[in-house]
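Participant: Numbering (our numbering), first residue to last: 107 to 792. Note that beta-carbon positions come from the ideal geometry of N, C-alpha and C, so glycine has one too. As the structure is a prediction and not an experimental result, all values here were calculated from the model.
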């Protein structure tokens, strides 16, 4: 057979067997492997046997780089039934809250009927340790372990796997356990990269005829087992590996009354698992799956050697405690030092099917990694996804396990969040923080010490800004922004964006607190003088009996020829004014200024119940907020894009309407750095 049909290489194991070895059939593979291991039949699951109820993480080494704990119980996922969103999904799509799938299982497996009967309470996805400084491929160390509570049900699932995947192209025993491989596209390029020589194909070709066809589920001939396999199922084995759209049929009304209803296919991205290949091993107490056989071999070896268990780690036990306390659907634990041993490239990892690629993480050279180790750099990563009465929470923490931090901590500020009293309750979106001046100083110090070219570029930017404006970049532009800051989008009757769409009643506002009002005023005056050279005039105006300055293009006076002297603003780009003695407001246009400049009556965002509910789960003190009023933003989008009666959007409106708010924040404490997000959901209505 041609090499294009051979399985992928298995590193040095294949080379050691010799490149001149002749192909053998699968049965010979098993016979030789079982004799060598001395554990014949070790991978079979005896009917009626009692599975080991030890949690899967007890079989992972203490230096596991990363582990994800996936809760599979109906009780935990049943918490989602309190939300209207999942009631709607149940009514429209028949989805009952629960895992849709487990990573690396074949596409086409139904979790509820084919996995739930045997899977334990928690499945794990683990990134097993790599050699220090190896920059190893994550795909070669990533495994999914699904514990089995019912060996009989797991045996039935074996038959399902082989029915979906077809005959395994290679079966190799490791420590008495058979690893079944279905290579994906381009598999011949795996291994040592020499086109497939020295790989499994040197000793086995899937197209070779054996004396009797084997059933991979029970290692007995199909004729004796009484089972048959659909021939078309064995032609194209596949793992869940595609990123093209999958149709979601929606029944919608036609724009023409005579046409009635019709089904519409909406493309939806589906994540891929693995680099196209699938390797599976069936243990008496678990199913182990991965993209490469190397990962499963490492897991089996570590499991037999029984090194210090991950369960013995105090840091991991901390994550388990938090997971149990919050009844988390998903929990993640990782070691920063162990993660440095892996190539940060996302190549070969599960794809998220996003329209744009994710940014590549930084690559550390060996000397940098060694420096980080010598500085005792390290810590643990923790992430939890769990529901509360208000919605879904995502909490991520980086623990400084080696030594507490004493600098860069989130301060307790007396005037924290004071700007929220100045914004309207109907605000669509908010991004807030504090001390832009300090952030700029820290950034410039970091850039100046990074390298000579970066430092020279920073110096050049400062010189150019001074030459163009006469101002000092550090002192006059950023230096006075030392208080709270808030950027907001809110509804307004008169907006400059209505030039784009008449229904775009949107105002943008930036609020800045300062302890140096004089410098801020001088900077604004200088910039206004510069704008005059571009025919942008700064004219005084009054909003809610408060003085403001409007910057815009001038229009001719009513009694003045078009080429005469202009005396009134035509199109206002920007306006600014002092809302309080130390708070400057910069607003798009002039009309939106009446929402922040002494409005009467005033219903502040800080007292809006929806906003307070969105912020309630977030930690205090924090570095500021991200907030999105989903309902109000959707209402604006429906109006601007005329989507109120759109047949494509109509079926989605109830689902989208069940999403209330989205909020997030960050905080630094002496023990950890935290990122916390909250999705506010409507409660279920019976």
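Just mark residue 391 as buried or exposed, buried being the case when its beta carbon has 16 or more other beta carbons within 10 Å.
Facilitator: A residue is called buried once 16 or more other Cβ atoms fall within 10 Å of its Cβ, and residue 391 is buried on that count.
Participant: What did DSSP end up calling residue 221 once you bin it into helix, strand or coil?
Facilitator: helix
Participant: Using a Cβ-Cβ cut-off of 8 Å (strictly less than) and excluding sequence neighbours within five positions of residue 187, which residues of its own chain qualify?
Facilitator: 193, 203 and 790
Participant: Does DSSP classify residue 628 as helix, strand or coil?
Facilitator: helix
Participant: Go ahead and label residue 777 buried or exposed: buried means 16 or more other beta carbons lie within 10 angstroms of its beta carbon, across all protein chains shown.
Facilitator: So residue 777 counts as exposed.
Participant: Where does residue 165 fall in DSSP's three states?
Facilitator: helix
Participant: Using 8 Å for Cβ pairs, my map puts residue 681 next to residue 724. What's the rounded Cβ distance?
Facilitator: In fact, because the Cβ distance is near 32 Å, the residues do not count as touching under 8 Å.
Participant: When the Cα of residue 536 is compared with those of 502, 497, 553 and 593, which residue comes out closest?
Facilitator: 593
Participant: Beta-carbon within less than 6 Å of residue 603's beta-carbon, same chain only, minus the 5 sequence neighbours each way: which residues are those?
Facilitator: 610 and 612
Participant: Less than 8 Å between the beta carbons of residue 754 and residue 529, yes or no?
Facilitator: no
Participant: Where do the N-terminal and C-terminal ends of the alpha helix (DSSP H) with residue 405 fall, by residue?
Facilitator: 399 to 411
Participant: Within its chain, find whatever has a CB closer than 6 Å to the CB of residue 525; leave out the 5 residues flanking it on each side and keep chain order.
Facilitator: Excluding its 5 nearest sequence neighbours in each direction, residue 525 has C-beta neighbours in its own chain below 6 Å: 590, 592 and 617, listed in chain order.
Participant: Counting along the chain, where does the beta strand (DSSP E) carrying residue 248 start and finish?
Facilitator: 248 to 253
Participant: Return the first residue and the last residue of the beta strand (DSSP E) that residue 735 is part of.
Facilitator: 731 to 735
Participant: Work out the CA separation of residue 399 and residue 718 for me, nearest whole Å.
Facilitator: 51 Å
Participant: Any idea if residue 629 is buried or exposed, counting beta-carbon neighbours within 10 angstroms, 16 or more meaning buried?
Facilitator: Classification for residue 629: buried.
Participant: Would you mind reading off the limits of the beta strand (DSSP E) that contains residue 769?
Facilitator: It spans 765 to 774 - the beta strand (DSSP E) in which residue 769 sits, taken as one unbroken run.
Participant: Name the one or two DSSP bridge partners that residue 777 has.
Facilitator: Its beta-bridge partners do not exist; DSSP assigns none.
Participant: Where in the region 492 to 539 do unbroken runs of the beta strand (DSSP E), each at least 3 residues long, occur, reported from the N-terminal end onward?
Facilitator: Runs of the beta strand (DSSP E) inside the region 492 to 539: 497 to 505.
Participant: If you check the beta carbons only, do residue 414 and residue 167 fall under 8 Å apart?
Facilitator: yes
Participant: What is the rounded straight-line gap between the Cα of residue 614 and the Cα of residue 660?
Facilitator: 22 Å
Participant: Three Cβ pairs or more, each shorter than 8 Å: is that satisfied between the region 234 to 246 and the region 435 to 451?
Facilitator: yes
Participant: Tell whether a beta-carbon distance below 8 Å holds between residue 280 and residue 403.
Facilitator: In contact: residue 280 and residue 403 (Cβ atoms closer than 8 Å).
Participant: Just list the residues that DSSP pairs residue 394 with in beta bridges.
Facilitator: Under DSSP, residue 394 forms a beta bridge with 251 and 387.
Participant: Quick one: is residue 560 buried, meaning 16 or more other Cβ sit within 10 Å of its Cβ, or exposed?
Facilitator: exposed
Participant: Per the contact definition of three or more C-beta pairs closer than 8 Å, is the region 684 to 692 in contact with the region 636 to 647?
Facilitator: Cβ pair count under 8 Å is below three, so no.
Participant: For my contact list, residue 393 and residue 218 are in at a C-beta cut-off of 8 Å; report their separation, rounded to the angstrom.
Facilitator: The pair is not a contact, with the Cβ atoms about 17 Å apart (cut-off 8 Å).
Participant: Evaluate contact between the region 159 to 175 and the region 761 to 775, counting only Cβ atoms and requiring at least three cross-stretch pairs below 8 Å.
Facilitator: no
Participant: Return the residue from the list 507, 508, 488 and 511 that minimises the CA-CA distance to residue 500.
Facilitator: The candidate whose alpha carbon is nearest that of residue 500 is 488.
Participant: Give every residue of the same chain whose Cβ lies closer than 6 Å to the Cβ of residue 771, excluding the five residues on either side of it in the sequence, and list them in chain order.
Facilitator: So the list reads 724, 728, 731 and 782, once near-sequence residues are dropped.
Participant: Distance check for residue 231 and residue 221, CA to CA, integer angstroms please.
Facilitator: 16 Å
Participant: Determine, using beta carbons only, whether residue 268 and residue 788 come nearer to each other than 8 Å.
Facilitator: Cβ distance not < 8 Å, so residue 268 and residue 788 don't count as in contact.
Participant: If you follow the beta strand (DSSP E) that residue 288 is in, where does it begin and where does it stop?
Facilitator: 283 to 288
Participant: Using a 10 Å radius around the Cβ and a threshold of 16 neighbouring Cβ atoms, would you call residue 401 buried or exposed?
Facilitator: buried
Participant: Specify the secondary structure class of residue 744 as computed by DSSP and reduced to three states.
Facilitator: helix
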